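Using the numbering used here, read the sequence shown as starting at 5 and increasing by one per residue.
Positions of the beta carbon are idealized from the N, C-alpha and C atoms, including for glycine.
The model shown is predicted, which means the values in this text are computed figures rather than measured ones.
Here the structure is laid out as structure tokens; the discussion comes afterwards.
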Amino acid sequence: MIPLLINPGKVSKDYINGKRQRYTNPFRFYLAVSIIFFLLVGLSKTKERFEELSKNSKTIISKNNGNEKAANPNLIEKQKKDSIIKLVNTELNKSVIPIPEEAKTQIINKIKKDSTKLTIEFNPGDKNTNSDTNTRLKKFYKFHKKNLEISIDDSLDSLKIEKNFINRFLFSRAKLIHSYFKDKESRERFLLQILYYGSVAIFLLLPFFALFLKLFYVRRKFTYVDHLIFVFHEQTVFFMLFTIFTLLEIFGLNPALWIFNILFLLYLFLSMKNFYQQGCLKTFVKFILVNLSFIIVTSMGITLLFIFSFALA
5 MIPLLINPGK VSKDYINGKR QRYTNPFRFY LAVSIIFFLL VGLSKTKERF EELSKNSKTI
65 ISKNNGNEKA ANPNLIEKQK KDSIIKLVNT ELNKSVIPIP EEAKTQIINK IKKDSTKLTI
125 EFNPGDKNTN SDTNTRLKKF YKFHKKNLEI SIDDSLDSLK IEKNFINRFL FSRAKLIHSY
185 FKDKESRERF LLQILYYGSV AIFLLLPFFA LFLKLFYVRR KFTYVDHLIF VFHEQTVFFM
245 LFTIFTLLEI FGLNPALWIF NILFLLYLFL SMKNFYQQGC LKTFVKFILV NLSFIIVTSM
305 GITLLFIFSF ALA
């Protein structure tokens, strides 16, 4: 671990030259470091969540001492519902035309069941089920924002939109988007999912990075496996640096992320220079080209990954 960090490119060079006894297998080392990194990220998020819950519990206790009703929105909602039922029942009893008791009971039960729908707003003219996805998603988002407690099917009925698979799916995604904006826990859970799938995507893209290196150093006497060993070592250092970053965050030191990004880029440049034994200018040009190529491929992978994660969240 120490030689890998303090001597960029040396461990990879020693490994392909046969000096393997003092070094761990690059693939196994990469897996071990990445697992430690993700465990620490999970621990960091758990710590943040615990601190937030502790803070919220103190706030709730304080509100309970000051105003019990303010900490119990369900009680207020029940009182509103009871007031509506009482008012309707009074008006039914005042009716000039006699109303059978059975009919009164049905009306009251209907109010009890559907009282959450009293705030529903919809435009009767919005009946076009062939509108594009973005329009429907925006419409569903606005509707759900005003009517949080209504089920998907009831919402589609209120909007006069067909209850098919696509509309149900889009409405569920609108609910998900709303939860990301309003609920920090949902947002963090989604980001962790992105991070998890991202690590898998990066792992799958490492052979492409090795292929780019093979193409840019085609005149050098390195095999594809040699390039792959170099790539695994570089990615291991990436996880090691961000493991240190996560540890500093856990201990409340608030490190600057950009510093670690610059450190890794500097390390990668020095590794390429030492491993491939070329001058600074040639190494810098290839460093830029290789990274641009990898960024393009990675961006495509991350875009697909985001769509995949959003669809399955």
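Please confirm whether residue i and residue j have their CB atoms less than 8 Å apart.
| i | j | result |
| --- | --- | --- |
| P30 | I233 | yes |
| F144 | F175 | yes |
| L309 | Y201 | yes |
| V37 | M244 | yes |
| N278 | P12 | yes |
| F298 | F216 | yes |
| L293 | F220 | yes |
| L210 | F236 | yes |
| D157 | K167 | yes |
| R224 | Y280 | yes |
| K290 | M276 | yes |
| K179 | H148 | yes |
Would you give the residue range spanned by the alpha helix (DSSP H) that residue i belongs to?
| i | result |
| --- | --- |
| L257 | Where L257 is concerned, there is no enclosing alpha helix (DSSP H), given that its DSSP letter is neither H nor E. |
| L160 | I156 to S162 |
| V15 | K14 to I20 |
In this structure, how does DSSP classify residue i when only helix, strand and coil are distinguished?
| i | result |
| --- | --- |
| M304 | helix |
| L9 | helix |
| Y271 | helix |
| F216 | helix |
| E125 | Confidence in E125 is poor, its pLDDT being 42 and thus under 50, which makes the residue's placement unreliable; the coordinate value appears in the next sentence. Looking at E125 - three-state DSSP - the assignment turns out to be coil, as it is neither helix nor strand. |
| A74 | Only weak support exists for where A74 lies, its pLDDT of 49 falling under 50; the value from the coordinates is given anyway. Reduced to three states, the DSSP call for A74 is helix. |
| Y27 | coil |
| E238 | helix |
| L309 | helix |
| G283 | coil |
| F41 | helix |
| K224 | According to the sequence provided, residue 224 is Arg. The question's Lys does not apply to it. Three-state DSSP puts R224 in coil, outside helix and strand. |
| I165 | coil |
| L261 | helix |
| N151 | coil |
| K98 | Residue placement at K98 is poorly supported in this model, since its pLDDT is 49, which falls under 50; the coordinates still yield a value, given next. K98 falls in the helix class under three-state DSSP. |
| L208 | helix |
| N132 | Residue confidence is low: N132 scores 45 on pLDDT, short of 50, so the model does not pin down where it sits. No coordinate-derived value is stated. |
| S119 | For S119, the predicted model reports a pLDDT of 48, less than 50, meaning its position is unreliable; a value from the coordinates is still stated below. The answer is helix: DSSP assigns S119 an H, G or I state. |
Near residue i, which residues of its chain fall below 6 Å by C-beta distance, leaving aside the five closest residues on each side in sequence?
| i | result |
| --- | --- |
| P259 | F249 and L252 |
| K218 | Y228 and H231 |
| T240 | F33, Y34 and V37 |
| K142 | none |
Considering only residues of the same chain and omitting the five flanking positions on each side of residue i, which have a CB-CB separation below 7 Å?
| i | result |
| --- | --- |
| P7 | K14 and V15 |
| R26 | none |
| F242 | F268 |
| I40 | T247 |
| I321 | Nothing in the structure corresponds to residue 321, since the chain is present only between 5 and 317. |
| L9 | V241 and M244 |
| L270 | none |
Residues in its own chain within less than 8 Å of residue i by CB, not counting five upstream and five downstream?
| i | result |
| --- | --- |
| S48 | T250, E253 and I254 |
| K146 | none |
| F288 | F273 |
| A214 | Y228, H231, L232, F234 and V235 |
| L285 | none |
Any beta-carbon of chain D closer than 8 Å to the one on residue i?
| i | result |
| --- | --- |
| L245 | Within the model displayed, chain D is absent; a lone protein chain is all it includes. |
Beta carbon of residue i: closer than 7 Å to some heavy atom of the ligand SAM?
| i | result |
| --- | --- |
| K225 | The model depicted lacks the ligand SAM and carries no ligand whatsoever. |
(message) Quick test of the definition: if touching needs 3 or more C-beta pairs under 8 Å, does the segment 203–210 touch the segment 289–309?
(response) Segment contact: the segment 203–210 against the segment 289–309, three or more CB-CB distances shorter than 8 Å; contact assigned.
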